[in-house]
Amino acid sequence: MTSLKLSLFLIVSCSYTTYAREVFSENLYSFITMASASYTNKVQRIVDQLDVDVNDKHDVITAIWRPVEIAAFPDNWTYYIEESVNGTVHRMTILILSEDDYGIIHGQQYDVKRPIDYKPKQYEHADLSNIALESSSPKSGCEVLFTRIEKDVFIGTYLDCESKTHLNAPPPYSFTLTCNTMDAFVCSRSSFELYSRLSYIFFKKERYALPAQWIEGVNYTDPCSLN
């Protein structure tokens, strides 16, 4: 009888095993808090109209960097990223973030299955917990990297794995993230976006709150709270 009770206890205990998410580091919390927003380069486009030098023209771009809970990755920090170029959706990605021992933030890209007739920003406020992915594995050779250089400034490299014209490695974008803007320099003409000598300058249009589960028990200060 004692043996039977022990067996039943083990079965019941194992049936309810849960896995706790790792606690935020201050560095990772700051990055995710700062990046979580919708973006547009509308202001830059107004300036472009006054510039007669065609080499400094930019596409019209809107972007979403939204922190979301994904059922397939319950113990990860996950972003839904969407980019529209001149009114057409170009990029739909899930980005899984982690941090190494040196404070470098790493991101793995997963392609999202695009619904037929999907419109820009259709997923901006949608429940994406069961969003469909093209693959259960991240895109090979497409790691995203960011590092902090000031309390409220991150710089990074985002590989353009949407490019179909590059010959070898995917071309990179060079990013600078601040409290109010995200700047992206198109480093190669093989990227989809129009190449320019000046970075794309995206102002934050709407900020997104982090999922409640992520910040439970977290007492860090928003690095942009005084900006």
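Reading the sequence shown from the start, the letters are residues -20 to -1, 1 to 207 in mature numbering (1 follows the signal peptide of the UniProt record, and there is no 0). The C-beta atom is built at its ideal place from N, Cα and C for all residues, glycine as well.
Compare the Cα-Cα distances from residue i to each of the options and report the closest residue.
| i | options | result |
| --- | --- | --- |
| threonine 20 | Ser115, Pro54 and Asp163 | Asp163 |
| aspartate 107 | Ala43, Ala51 and Cys167 | Ala51 |
| proline 150 | Phe172, Lys131, Asp132 and Val133 | Phe172 |
| proline 95 | Leu75, Gln88 and Arg71 | Arg71 |
| glutamate 186 | Thr161, Tyr180 and Phe134 | Thr161 |
| leucine 8 | Trp57, Lys22, Val166 and Asn148 | Trp57 |
| glutamine 88 | Pro118, Glu79 and His105 | Pro118 |
| phenylalanine 11 | His86, Arg169 and Val27 | His86 |
| isoleucine 181 | Asp39, Ser5 and Glu6 | Asp39 |
Helix, strand or coil for residue i per DSSP?
| i | result |
| --- | --- |
| valine 23 | helix |
| serine 205 | coil |
| isoleucine 84 | coil |
| threonine -3 | Residue placement at threonine -3 is flagged as unreliable, the pLDDT there being 33, under the threshold of 50; a coordinate-derived value is accordingly withheld. |
| alanine 51 | coil |
| valine 198 | coil |
| glutamine 102 | coil |
| aspartate 36 | helix |
| isoleucine 12 | helix |
Residues in its own chain within less than 6 Å of residue i by CB, not counting five upstream and five downstream?
| i | result |
| --- | --- |
| tyrosine 138 | Val124, Tyr153 and Phe155 |
| lysine 93 | Ala112 and Glu114 |
| tyrosine 90 | Ile74, Leu113 and Pro118 |
Apply the 10 Å Cβ neighbour rule to residue i and answer buried if 16 or more other Cβ atoms are within range, or exposed otherwise.
| i | result |
| --- | --- |
| residue 280 | As shown, the chain starts at -20 and ends at 207. That puts residue 280 outside it, with no answer to give. |
| aspartate 81 | exposed |
| glycine 67 | exposed |
| lysine 184 | buried |
| glutamate 196 | exposed |
By Cβ distance below 7 Å, which residues in the same chain neighbour residue i in space, the five residues on each side in sequence not counted?
| i | result |
| --- | --- |
| tyrosine 103 | Tyr60 and Glu62 |
| tyrosine 188 | Ser16, Ala17, Arg46 and Pro47 |
| residue 253 | Absent from the structure is residue 253, since the part of the chain shown begins at -20 and ends at 207. |
| serine 109 | Glu49, Ile50 and Ala51 |
Please return the same chain residues whose Cβ sits closer than 8 Å to the Cβ of residue i, not counting the five positions on each side in sequence.
| i | result |
| --- | --- |
| lysine 101 | Ser18, Thr42, Ile44, Glu62 and Ser64 |
message = Suppose only complete runs of 3+ residues qualify. What are the beta strand (DSSP E) ranges in the segment 140 to 173, listed by chain order?
response = As far as the segment 140 to 173 is concerned, its whole beta strand (DSSP E) runs of at least 3 residues are 152 to 157 and 161 to 166.
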